[in-house]
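First up is the structure itself, then whatever we jot down about it.
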Amino acid sequence: MSLHPEIAAFLDLAEESQNDDNAFHLGTPERARQLFQRSTEQMRWPAPQQLDVLDLRLASRGGELPVRLYRPLNSPQSCPVLVYFHGGGYVVGSLDSHDGVCRELCARTPCAVLSVGYRLAPEQRFPGAIEDGEDVLTWLTEQCAAYGLDSGRLALGGDSVGATLATVLAIQASRGAFPGLPAPRLQLLCYPMADASRRSESMELFAEGYLLESQTLDWFYAHYARGIEDFHDWRFSPLLASSMDGLAPALVALAGFDPLVDEGRAYAAHLRAQGVEVELREYAGFTHDFLRMRLVTADVESIYDELCSVLAKALA
């Protein structure tokens with residue numbers, strides 16, 4: 001297995017500019033957010049613009065919560081919906097950092113995408129981001145008709161820790177946590193963080209030099225967790241969850257050169273062992289965060305095509 005040549009060239013350039021000033025784990029959360037925003041601007045690609053986009057602020061237990069609703073132009077009155085949670089280690093990331101991802105997912109399917117701007121750590125530690133997701137699903141139960149959304153055709157998805165949030169909420173939904181909300185039809189889980197309670201082989205094998213680094217992951221977890229005991233809570237490490245009866249089918253998309261790849265494989269296997277339908281796709285030459293690498297390589301196009309084909313079929 002070899003690294004995709006265009007991604008390898010991108011990583012070489014990143015390595016040349018790497019120093020203590022732009023390493024997340026050596027700075028503050030505020031500095032990390034500035035760096036992440038700068039990288040977002042550098043990686044921004046001409047994502048689809050011909051969509052209806054609406055910024056909203058929802059009432060939640062933590063105050064007003066920003067969300068962004070994307071709809072295909074001329075979409076039907078009752079539109080299937082993907083609720084999407086961005087990555088960023090619970091510390092960085094925003095509606096804007098994953099705007100292009102959500103536009104691609106919306107434009108390539110007949111689905112609306114509701115992107116969630118959950119509260120970040122360390123200002124809001126575990127389980128604050130989960131509570132925000134719970135409040136969004138409760139809002140969707142009550143307000144879907146007002147926004148032309150069909151909650152009966154619902155998917156939950158995200159990338160990195162956003163995928164973790166999505167699968168945690170899907171498990172909660174399967175246990176009846178959201179009365180009145182039909183069961184989700186699909187989990188779209190892109191390179192999820194599945195188990196912070198132990199270190200996998202890939203955490204060591206790809207510890208540095210492949211965009212997401214193990215030291216950065218440790219730094220993220222330290223800012224999100226209230227204490228080490230949180231690492232063993234299934235809502236922090238969903239690989240530890242049991243009782244998955246009725247859980248939505250999952251599409252698990254992994255990157256071959258990612259410190260999280262082993263726990264992604266283990267989570268897919270765990271879901272299957274629990275009787276959950278799983279489609280596992282591993283993109284061997286890619287690194288973490290490949291959904292935002294459209295400007296790095298055009299080969300990301302085919303990944304979007306594959307993911308969106310499964311999503312559209314599930315919500316048809």
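First residue of the sequence shown? That's 1 in full-length UniProt numbering, and the numbers climb one at a time after it. Backbone N, C-alpha and C fix where the C-beta goes; we use that ideal spot for every residue, glycine too.
Alpha helix (DSSP H) segment containing residue i, residue limits
{"i": "S60", "result": "Unbroken run through S60 is the beta strand (DSSP E), L51 to S60; no alpha helix (DSSP H)."}
{"i": "L311", "result": "V300 to A314"}
{"i": "Q37", "result": "P29 to M43"}
Endpoints, beta strand (DSSP E) assigned at residue i
{"i": "R68", "result": "G63 to P72"}
Reduced DSSP category for residue i - H, G, I as helix; E, B as strand; rest coil
{"i": "D12", "result": "helix"}
{"i": "L154", "result": "strand"}
{"i": "L149", "result": "strand"}
{"i": "F286", "result": "strand"}
{"i": "F24", "result": "helix"}
{"i": "P5", "result": "helix"}
{"i": "T297", "result": "coil"}
{"i": "R235", "result": "coil"}
Between the CA atoms of residue j and residue i - distance to the nearest angstrom
{"i": "S97", "j": "G256", "result": "23 Å"}
{"i": "Q77", "j": "I130", "result": "29 Å"}
{"i": "residue 328", "j": "A248", "result": "The shown model of the chain, from 1 to 316, leaves out residue 328, and the question about it has no answer."}
{"i": "A266", "j": "R175", "result": "22 Å"}
{"i": "Y191", "j": "D299", "result": "17 Å"}
{"i": "A137", "j": "Y84", "result": "Just to set this straight, residue 137 is Leu in the shown sequence, not Ala. Cα to Cα, L137 sits roughly 11 Å from Y84."}
{"i": "A241", "j": "L271", "result": "10 Å"}
{"i": "L3", "j": "G285", "result": "4 Å"}
{"i": "D258", "j": "M193", "result": "11 Å"}
{"i": "A32", "j": "G246", "result": "39 Å"}
{"i": "E6", "j": "T297", "result": "6 Å"}
{"i": "L217", "j": "G89", "result": "7 Å"}
{"i": "residue 323", "j": "N22", "result": "Outside the modelled stretch of the chain, which goes from 1 to 316, sits residue 323, for which no answer is possible."}
{"i": "L26", "j": "W219", "result": "9 Å"}
{"i": "Y283", "j": "A253", "result": "7 Å"}
Residue i - partner residues in DSSP beta bridges
{"i": "D159", "result": "C190"}
| said: Runs of 4 residues minimum, wholly inside the segment 169–233: which ones carry the alpha helix (DSSP H) assignment? | reply: 201–205 and 214–224
| field | alpha helix (DSSP H) runs wholly inside the segment 80–146, at least 4 long, in chain order | value | 99–107 and 128–143
| task | Give, in chain order, every unbroken run of the beta strand (DSSP E) that is at least 3 residues long and sits entirely within the segment 246–281. | result | 250–257
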